[in-house]
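Working notes, beginning with the structure itself.
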Amino acid sequence: MGRISVVTGANQGLGFALAEGLAQGLTAADVVYLTGRDAARIEAAAGRIASPVAEVRTRVLDVTEDAAVAAFADELRQRHGGVDIVFSNAAARLTPDTPWAELVGPFVDTNNLGTTRMLRSFSPILRPGGRLLVVASDFGTLRSLPASLHGRFDTETMSLDDVDAAMLAWRDAVIAGTAAAEGWPEWINIPSKVGQVAAVRVLARERRERDKADATLVAAVCPGLVDTAASRPWFENMSEAQTPEAAAAALLRLALGPVRPETYGELVQFGEVRPWR
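Letter 98 of the sequence shown, counting from 1, is numbered 94 in our numbering, and no numbers are missing.
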């Protein structure tokens, strides 16, 4: 049976590079699902993949819709018996000069609740030896938050519902204008990334023993600074930024290579673990 892969947010940037890398690195018996919210854009993206070996299929998927994510996972379970590689990569874009209170709602719905929707729906159908990888950033550790907030992310006791509740409470504080008084960082990408990595850690805690037995990997991944349309407005100097193709390389090694036990449940950047604390 061929391997089945899914990449969310795959019509451009890093997501496209991941889908293309899988299509080139897998075999003719394998299938890569390139997903996004707009049918025309994902079809165009699939047509841009250079020299694919695996079969590339497109699928409209909006990770802000509970039913859509669950239905897609169920479809893959029925059609293929499960999934082997998942890159949860969909992210809402931040725009300069727009108040955080206007951006934080869709940002949390896509980046955080979208992540936990993917984890809930796709972890049960992840086949033994599979890879479930959430694209985050190096902001996603407790070192990015003041110590007074660390207790809100006790991943040794939390459930995914608890992670969602923490992110919704932070969202509401941003909207109400009380987030700074509670100690939250001004840059809303920081709490969001911490929430994504926390969700991965919670799921990994629940699955660790069974995944260890069959070399399955659940992890968060940090690609580093990538030169994309989403990142350019925030950086004056992009000279050290990677192309999406270069940034995808380390992530694809995690997806396609052997599992290193120390990376399980952790945030991994360029093959190295970024400590949670």
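Don't be surprised by glycine CBs; every beta carbon is placed ideally from N, CA and C.
Are residue i and residue j close, meaning C-beta to C-beta below 8 Å?
i, j, result
"V217", "L129", "yes"
"V170", "V100", "yes"
"T106", "A87", "yes"
"A15", "I45", "yes"
"I121", "L72", "yes"
"S140", "G179", "no"
"V222", "Y260", "no"
"S117", "R203", "no"
"G32", "L57", "yes"
"T153", "W272", "no"
"R(-1)", "L22", "yes"
"S227", "A242", "no"
"F266", "A246", "yes"
Just curious, the alpha helix (DSSP H) that residue i is in, first and last residue?
i, result
"I184", "I184 -> no alpha helix (DSSP H), and no H or E assigned at all."
"R167", "L156 to A172"
"V100", "W96 to F103"
"L115", "L109 to F118"
"E51", "Where E51 is concerned, there is no enclosing alpha helix (DSSP H), although the beta strand (DSSP E) it sits in stretches over E51 to V56."
"L72", "D62 to H76"
"G9", "G9 to G21"
"L273", "Correcting the residue identity first, residue 273 is Arg in this sequence and not Leu. Here R273 belongs to no alpha helix (DSSP H), and DSSP marks it neither H nor E."
"G43", "A35 to R44"
Roughly how many angstroms separate the alpha carbons of residue i and residue j, rounded to a whole number?
i, j, result
"A41", "W183", "31 Å"
"A66", "R113", "8 Å"
"L30", "V2", "6 Å"
"G53", "R75", "As written in the sequence, residue 53 is Arg, which differs from the Gly given in the question. Distance between the alpha carbons of R53 and R75: 13 Å."
"W166", "T151", "17 Å"
"V269", "R89", "26 Å"
"G229", "S235", "First, the amino acid is wrong: residue 229 is Pro here, not Gly. Going from the Cα of P229 to the Cα of S235 covers about 14 Å."
"R201", "D160", "17 Å"
"P102", "E39", "24 Å"
"P257", "E205", "11 Å"
"D207", "V255", "11 Å"
"D26", "G253", "16 Å"
Starting from residue i, trace the beta strand (DSSP E) both ways and give me its first and last residue.
i, result
"L128", "L122 to V131"
"R270", "E268 to R270"
"S84", "V79 to S84"
"S1", "I0 to V3"
"G32", "V27 to G32"
Output needed for residue i: all residues of its chain with C-beta closer than 8 Å, excluding positions within five of it in sequence on either side, in chain order.
i, result
"D158", "V198"
"A132", "K189, Q192, V193, V196, A216, V217, C218 and L263"
Considering only residues of the same chain and omitting the five flanking positions on each side of residue i, which have a CB-CB separation below 7 Å?
i, result
"Q20", "S47, P48 and V49"
"W96", "V170 and I184"
"G17", "A244 and L248"
"T239", "D223"
"H146", "L138"
Closer than 6 Å by C-beta to residue i: which residues in its own chain qualify, once you throw out the five before and the five after it? Chain order, please.
i, result
"R123", "G78 and D80"
"M163", "V104, N108 and G191"
"R148", "A162"
"F12", "A6 and A41"
"S84", "T4, T111, M114 and V130"
"I186", "F135 and S140"
"G126", "D80 and T212"
"P92", "P229"
(request) Mind listing, in chain order, the continuous beta strand (DSSP E) runs of no fewer than 3 residues lying wholly within the stretch 198 to 266? (result) 213 to 218 and 263 to 265
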